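**Student:**
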């Protein structure tokens, strides 16, 4: 029986999804771009692209690979991470691997090319998708009562631009770029920071934390960024171990994706 799922995106939410599917005995392949802009790098399989080396998150290992290596790596118990930036490249991977499901977990707040015809089951994560039109199901990503809910008709909650509350803070916990330019970080994920501490620079302009806490995420060095772009994330709960494990949000969303996949796929397969 084919049980291969393609997950588009290798960020922290996509990693939570891939990890849950893998632990539920699905075969998983991740599609990523050549320069991932992932903030929570220490809990993201996208890091396999940045490091060009295997990355392990909570006991599951992903490795950058070519398409013709994917099946071999899966048989070895690994998650292949394939570079597929252009639509034609994504189509090529889907045609070659014939997945039972495609999960769009890019979290772009819009549909960047996923179609209902990509696989027997197509799932969109977060806003930008409409269940019944471009995907079969949508999984809610907004923190709160609806987090992880599976939507079979309609859309997720519209993006507000305001992150969910953690430790009493919302926007304040985000670190955003003060300008366009080259980002260079000077602190490490897991460091304790205080409000006003410099965590990096964009060009000559310092990038500062706004609240006290643990630096839970920080963008990879030497990426070109735009003003207002998210560069980091401070967790005011000050639990350093949270920086290196799958978040509560990613677990909830992963559970929603698993529910949608089982709900839509299992009744259709031959018994």
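In our numbering, the protein residues as written are 153 to 423. By construction, the Cβ of each residue, glycine as well, lies at the ideal position given by its N, Cα and C atoms. In this text, all values refer to a predicted model and were calculated from it rather than measured experimentally.
1) Report buried or exposed for residue 192, applying the criterion of at least 16 other Cβ atoms within 10 angstroms of its Cβ.
2) Find out if the Cβ-Cβ distance for the pair residue 257, residue 279 is shorter than 8 angstroms.
3) For the alpha helix (DSSP H) holding residue 209, just list the boundary residues, first then last.
4) Per DSSP, what kind of secondary structure is residue 165 in: helix, strand or coil?
5) Skipping 5 residues on each side, what residues in its chain have a beta carbon closer than 6 angstroms to that of residue 206?
6) Roughly how many angstroms separate the alpha carbons of residue 159 and residue 354, rounded to a whole number?
7) Could you say which of 242, 364 and 406 lies nearest to residue 389 if we only look at CA atoms?
8) Leaving out five residues on either side along the sequence, give the residues of the same chain with a beta carbon under 6 angstroms from the beta carbon of residue 373.
9) Between the region 245-257 and the region 194-202, do three or more beta carbon pairs fall short of 8 angstroms?
10) Spatial neighbours of residue 267 within its chain, please: C-beta separation below 8 angstroms, excluding the five flanking residues on both sides.
11) Please determine, among 168, 294, 293 and 369, the residue with the shortest C-alpha to C-alpha distance to residue 208.
12) Would you tell me roughly how many angstroms separate the C-alpha atoms of residue 402 and residue 357, rounded to the nearest one?
13) Quick check on residue 288: does DSSP put it in helix, strand or coil?
14) Would residue 299 pass as a contact of residue 404 if the rule is Cβ separation under 8 angstroms?
15) Could you pull out every residue in the same chain whose Cβ sits closer than 6 angstroms to the Cβ of residue 230, ignoring the five residues on either side in sequence?
16) Confirm, please, whether the CB-CB distance from residue 341 to residue 367 is below 8 angstroms.
17) In the DSSP assignment, the beta strand (DSSP E) including residue 333 goes from what residue to what residue?
18) Excluding sequence positions up to five away, which residues of its chain have a Cβ less than 6 angstroms from the Cβ of residue 276?
19) For residue 329 versus residue 362, is the C-beta spacing smaller than 8 angstroms?
20) If you compare alpha carbons, which of 262, 334 and 391 is closest to residue 311?
21) Tell me whether residue 179 is buried or exposed, calling it buried when 16 or more other Cβ atoms sit within 10 Å of its Cβ.
22) In its own chain, which residues sit with a C-beta less than 8 angstroms from the C-beta of residue 327, not counting the 5 before and 5 after it?
23) Could you tell me which residues DSSP pairs with residue 250 in its beta bridges?
24) Using CA coordinates, which residue listed in 165, 210, 176 and 170 is at the minimum distance from residue 190?
25) Here's a check: name, in chain order, each residue in its chain whose Cβ is nearer than 8 angstroms to the Cβ of residue 303, leaving out the five neighbours to either side.
**Tutor:** Put simply:
1) Here the question's residue 192 lines up with position 40 in the chain shown. Buried is the call here.
2) For this step, residue 257 is matched to residue 105 along the chain shown. For this step, residue 279 is matched to residue 127 along the chain shown. No, Cβ-Cβ distance for residue 257 and residue 279 is not below 8 angstroms.
3) Taking the chain shown and counting its residues from 1, one reaches residue 209 at position 57. Here residue 209 belongs to no alpha helix (DSSP H); instead the beta strand (DSSP E) covers 207-209.
4) For the purposes of this step, residue 165 is identified with residue 13 of the chain shown, where counting begins at 1. Three-state DSSP puts residue 165 in a helix.
5) Here the question's residue 206 lines up with position 54 in the chain shown. Result list for residue 206: 213 and 215, in chain order.
6) What you label residue 159 is simply residue 7 of the chain shown in a count that begins at 1. What you label residue 354 is simply residue 202 of the chain shown in a count that begins at 1. For residue 159 and residue 354, the distance between alpha carbons rounds to 32 angstroms.
7) Your numbering for residue 389 matches position 237 in the chain shown. Nearest of 242, 364 and 406 to residue 389, Cα basis: 364.
8) As a position in the chain shown, residue 373 is number 221, starting the count at 1. Result list for residue 373: 336 and 337, in chain order.
9) no
10) Taking the chain shown and counting its residues from 1, one reaches residue 267 at position 115. The answer, listed in chain order, is 274 and 286.
11) In the chain shown, counting from the first residue as 1, residue 208 sits at position 56. For residue 208, the nearest C-alpha among the options comes from 168.
12) As a first step, residue 402 is located in the chain shown; it is residue number 250 there, counting from the start. As a first step, residue 357 is located in the chain shown; it is residue number 205 there, counting from the start. Straight-line Cα distance between these residues: approximately 32 angstroms.
13) Here residue 288 corresponds to residue number 136 of the chain shown, with the count starting at 1. DSSP places residue 288 in coil when its eight states are reduced to three.
14) On the chain shown, residue 299 is found 147 positions in, with the first residue counted as 1. On the chain shown, residue 404 is found 252 positions in, with the first residue counted as 1. Yes, these two residues count as a Cβ contact at 8 angstroms.
15) As a position in the chain shown, residue 230 is number 78, starting the count at 1. Around residue 230: 213 and 215.
16) Against the chain shown, residue 367 aligns to sequence position 215. Against the chain shown, residue 341 aligns to sequence position 189. In contact: residue 367 and residue 341 (Cβ atoms closer than 8 angstroms).
17) Within the chain shown, the letter at position 181 stands for residue 333. From DSSP, the beta strand (DSSP E) with residue 333 extends over 333-337.
18) Stepping through the chain shown from its first residue, residue 276 is reached at position 124. Cβ within range, chain order: 256, 287 and 290.
19) Counted from its first residue, the chain shown places residue 329 at position 177. Counted from its first residue, the chain shown places residue 362 at position 210. Not a contact, by the Cβ cut-off of 8 angstroms.
20) For the purposes of this step, residue 311 is identified with residue 159 of the chain shown, where counting begins at 1. That would be 262, whose Cα lies nearest to the Cα of residue 311.
21) On the chain shown, residue 179 is found 27 positions in, with the first residue counted as 1. Answer is buried; the Cβ neighbour count reaches 16.
22) Indexing the chain shown from 1 puts residue 327 at position 175. Contacts found: 351, 359, 360, 361, 362, 370, 382, 383, 384, 385 and 386.
23) Along the chain shown, read from residue 1 onward, the residue named residue 250 stands at position 98. In DSSP, residue 250 forms no bridge with anything.
24) Along the chain shown, read from residue 1 onward, the residue named residue 190 stands at position 38. Taking only the C-alpha atoms, the option nearest residue 190 is 165.
25) Numbered from its first residue, the chain shown carries residue 303 at position 151. These residues qualify, in order along the chain: 283, 289, 290, 291 and 292.
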